[in-house]
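Some notes on the structure that comes next.
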Ligand code: NAP
Ligand code: SF4
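What follows is the structure, given as structure tokens:
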């Protein structure tokens with residue numbers, strides 16, 4: 208195979224089959240696992256088939272419980288009937304038609320089950336679940352092993368090439384393996400050999416029942432990241448045991464869900480856990496898949512070329528771009544949508560009981576809804592603003608056949624994403640914008656940077672329609688004295704356009720206020736880019752090294768109540784933790800009185816006080832930048848307003864991109 212990604216493109220014989228390359232779509236709950244109707248299964252079929260068409264060699268589905276006790280949530284349906292297998296045949300057929308292989312993930316939630324029937328090796332409640340599990344009897348254990356076998360048989364019946372047995376992330380199998388959760392005194396608890404009996408029994412029973420032609424992937428916890436779990440030697444020993452019991456591939460998992468160390472968020476450097484994964488790979492004789500924060504073919508290739516893994520498992524990056532593999536192998540890697548690890552439309556959706564999607568690719572999971580149709584008559588369309596909304600609209604419209612031109616006032620495309628990229632752990636945001644730009648270039652869309660598109664310019668251009676995606680501008684403060692030179696915007700603080708002194712007050716504690724607090728309080732950003740610095744900072748192998756703050760930062764808001772309520776469900780805890788560790792002072796229920804030479808005067812908790820500051824950063828939200836749309840009314844042409852320019856309040860990139868894509872598909 209020619210091209211830059213020879214290791215990634217190389218086929219791999221995994222026993223029951225030869226995988227066409229090294230890209231595995233890792234398991235991710237889609238929110239459709241419990242669906243009972245054919246339409247939902249067709250939707251899943253379409254979702255996975257697009258990923259197979261995009262070149263992924265092996266797809267692992269979202270998790271299915273082998274029995275009712277093992278389901279993740281009360282409304283979930285275990286994978287346990289022949290009717291379900293028949294419905295799933297739609298999925299497997301669709302993936303096979305695109306040349307991909309597909310395995311069903313069987314996951315028993317154990318004490319992570321959010322329902323009344325949860326069970327575990329010992330009746331110890333998880334810190335992330337209110338319900339305590341019931342202790343499994345020996346008969347329960349035997350039945351559960353049989354239920355895994357039934358799930359695997361049904362998977363085969365449905366046409367799956369194999370199963371992935373979930374042995375990591377703190378689910379039931381992890382709970383058997385770890386002394387913290389397994390206090391049994393019978394043959395399933397005590398020494399490691401006894402605690403490991405459960406996964407070994409499952410793998411060997413599935414192998415015995417399904418024969419050598421059926422793929423068994425075992426997802427193994429390489430690092431538990433919780434106390435009183437497995438040592439490194441025990442981790443290796445268990446991996447060898449499941450390999451001996453019949454697993455074909457070890458897929459890797461990092462950290463239990465109750466771990467207090469980030470494992471997939473943006474603050475985790477690319478390939479942060481490859482050191483441990485590589486060590487495991489060298490200790491076992493079956494292929495090992497690397498996972499966690501691998502979001503580009505470059506990183507994936509590096510891991511394979513270094514011999515740290517045989518396969519690369521990516522879940523979110525394949526949501527971001529179904530054609531990840533095809534583009535990588537066709538030399539179009541610059542155009543691969545970059546997963547920015549925000550979790551906003553994938554994991555956060557799942558926990559809000561919504562079907563998952565992707566911020567940079569809203570089509571993910573909604574393929575039928577976002578169906579591009581070629582245009583009957585190609586129009587000349589001007590898109591003003593090359594932020595994510597404008598570029599998304601331009602890409603979709605151009606793909607459908609319109610003649611699109613993009614105008615951007617700034618010297619670079621990307622808008623707010625470029626600002627976000629200055630925040631520790633968000634460097635990928637700029638890369639995501641660059642990927643959109645590269646797609647526009649491939650589509651032949653002229654992108655005029657450093658160009659102010661006024662009505663005269665647009666009139667001269669003879670456009671049929673104009674999309675105004677001019678974004679937002681920071682809201683100005685209305686506090687007496689706010690014209691003081693110590694008051695700067697978040698833009699100036701993040702770009703370094705204004706210098707920031709050692710004592711900082713931040714006015715406004717939305718997402719941007721929090722991000723600015725983190726950026727200004729951090730000494731350096733190495734922990735988000737360098738695996739060793741990350742490991743030290745978060746205590747991956749030893750006590751966490753507390754960062755020392757670069758500045759004394761005070762974050763303030765007028766409303767009362769806890770900070771960070773608007774932050775992402777699955778990532779907000781990390782930002783809150785970082786600000787605590789950086790000793791950022793947080794004042795809620797503040798009234799801003801004035802700014803003068805002595806500092807920022809506020810009223811807080813019924814008392815007046817002065818915060819002595821060198822710099823005050825305004826993070827007070829945004830106003831829409833929409834004047835152009837008003838001025839264009841005279842052109843008497845259709846004008847569309849999208850993204851922040853349409854509605855700035857609570858604007859986030861997810862909504863902006865979605866509006867852009869939807870407009871591009873219908874314009
Ligand atoms: P935001 O979430 O609307 O927060 C603006 C803050 O400014 C509020 O905390 C508000 O708090 C305060 N404020 C509003 N008007 C004010 C005024 N006139 N004077 C003083 N304070 C004022 O906006 P944002 O932080 O700019 O974020 C924009 C969008 O980006 C949001 O949708 C956000 O979710 C998203 N985002 C998220 C993240 C993240 O999750 N990490 C990061 C960046 C951006 P009080 O009214 O209580 O004072
Ligand atoms: Fe990645 Fe964010 Fe998309 Fe999830 S929503 S796949 S984290 S870019």
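Numbering (our numbering), first residue to last: 208 to 874.
We treat Cβ as the ideally placed atom computed from N, Cα and C, and that holds for glycine.
Because the structure is a prediction, the values reported are computed rather than measured.
Residue i (DSSP reduced to helix, strand or coil)
{"i": "residue 372", "result": "strand"}
{"i": "residue 801", "result": "strand"}
{"i": "residue 437", "result": "coil"}
{"i": "residue 508", "result": "helix"}
{"i": "residue 277", "result": "helix"}
{"i": "residue 208", "result": "Reliability of the predicted coordinates at residue 208 is poor, the pLDDT of 48 falling under 50, and the value obtained from them is presented with this limitation in mind. Note: residue 208 maps to coil in three-state DSSP."}
{"i": "residue 389", "result": "coil"}
{"i": "residue 866", "result": "helix"}
{"i": "residue 641", "result": "helix"}
{"i": "residue 238", "result": "coil"}
{"i": "residue 822", "result": "strand"}
{"i": "residue 793", "result": "strand"}
{"i": "residue 587", "result": "strand"}
{"i": "residue 227", "result": "coil"}
{"i": "residue 405", "result": "helix"}
{"i": "residue 458", "result": "strand"}
{"i": "residue 758", "result": "coil"}
{"i": "residue 175", "result": "For residue 175 there is no data in the structure shown, the boundaries of the chain being 208 and 874."}
{"i": "residue 713", "result": "strand"}
{"i": "residue 411", "result": "helix"}
The ligand NAP heavy atom lying under 7 Å from the CB of residue i
{"i": "residue 776", "result": "no"}
{"i": "residue 827", "result": "yes"}
{"i": "residue 766", "result": "yes"}
{"i": "residue 718", "result": "yes"}
{"i": "residue 715", "result": "yes"}
{"i": "residue 773", "result": "yes"}
{"i": "residue 722", "result": "yes"}
{"i": "residue 684", "result": "yes"}
{"i": "residue 782", "result": "yes"}
{"i": "residue 690", "result": "no"}
{"i": "residue 865", "result": "no"}
{"i": "residue 555", "result": "no"}
{"i": "residue 505", "result": "no"}
{"i": "residue 859", "result": "yes"}
C-beta atoms of residue i and residue j nearer than 8 Å
{"i": "residue 820", "j": "residue 724", "result": "no"}
{"i": "residue 654", "j": "residue 615", "result": "yes"}
{"i": "residue 599", "j": "residue 611", "result": "no"}
{"i": "residue 503", "j": "residue 631", "result": "no"}
{"i": "residue 321", "j": "residue 276", "result": "no"}
{"i": "residue 688", "j": "residue 826", "result": "no"}
{"i": "residue 329", "j": "residue 388", "result": "yes"}
{"i": "residue 227", "j": "residue 252", "result": "no"}
{"i": "residue 874", "j": "residue 575", "result": "no"}
{"i": "residue 551", "j": "residue 801", "result": "no"}
{"i": "residue 366", "j": "residue 463", "result": "no"}
{"i": "residue 294", "j": "residue 368", "result": "no"}
{"i": "residue 664", "j": "residue 619", "result": "no"}
{"i": "residue 674", "j": "residue 567", "result": "no"}
{"i": "residue 522", "j": "residue 233", "result": "yes"}
{"i": "residue 596", "j": "residue 613", "result": "no"}
Contact test: residue i Cβ vs the ligand MG heavy atom, cutoff 7 Å
{"i": "residue 586", "result": "Because the ligand MG does not appear in the structure shown, any question about it cannot be addressed here, the ligands present being the ligand NAP and the ligand SF4."}
Heavy atom of the ligand SF4 within 7 Å of residue i beta-carbon
{"i": "residue 475", "result": "no"}
Take every Cβ of the region 492-501, pair it with every Cβ of the region 405-418, and state whether three or more of those distances are shorter than 8 Å. No contact exists between the region 492-501 and the region 405-418.
Could you check whether the region 731-750 touches the region 475-490, counting it as contact only if at least three pairs of C-beta atoms, one from each stretch, sit closer than 8 Å? yes
Determine contact between the region 793-802 and the region 627-646, defined as no fewer than three beta-carbon pairs at a distance below 8 Å. Because the criterion of three Cβ pairs below 8 Å is not met, the region 793-802 and the region 627-646 do not touch.
May I have all residues whose beta carbon comes closer than 6 Å to any heavy atom of the ligand SF4, sorted in chain order? Selection output, chain order preserved: 523, 526, 527, 546, 547, 548, 549, 550, 551, 552, 553, 565, 566, 567.
Spell out a yes or no on whether the region 422-438 and the region 356-374 are touching, meaning 3 or more CB-CB pairs, one atom from each, closer than 8 Å. yes
Contact between the region 247-260 and the region 566-578 (3+ Cβ pairs under 8 Å): Contact between the region 247-260 and the region 566-578 is established, with three or more Cβ pairs separated by less than 8 Å.
Does the region 831-841 come close enough to the region 657-670 that 3 or more CB-CB pairs lie under 8 Å? yes
Can we say the region 409-423 touches the region 221-232, given the rule of at least three CB pairs closer than 8 Å? yes
Sufficient close CB pairs (3 or more, under 8 Å) joining the region 837-855 to the region 692-700: no
Does the region 544-552 come close enough to the region 266-276 to have 3 or more Cβ pairs within less than 8 Å? no
Assess contact between the region 742-749 and the region 768-780, defined as three or more Cβ pairs (one per stretch) separated by less than 8 Å. Is contact present? no
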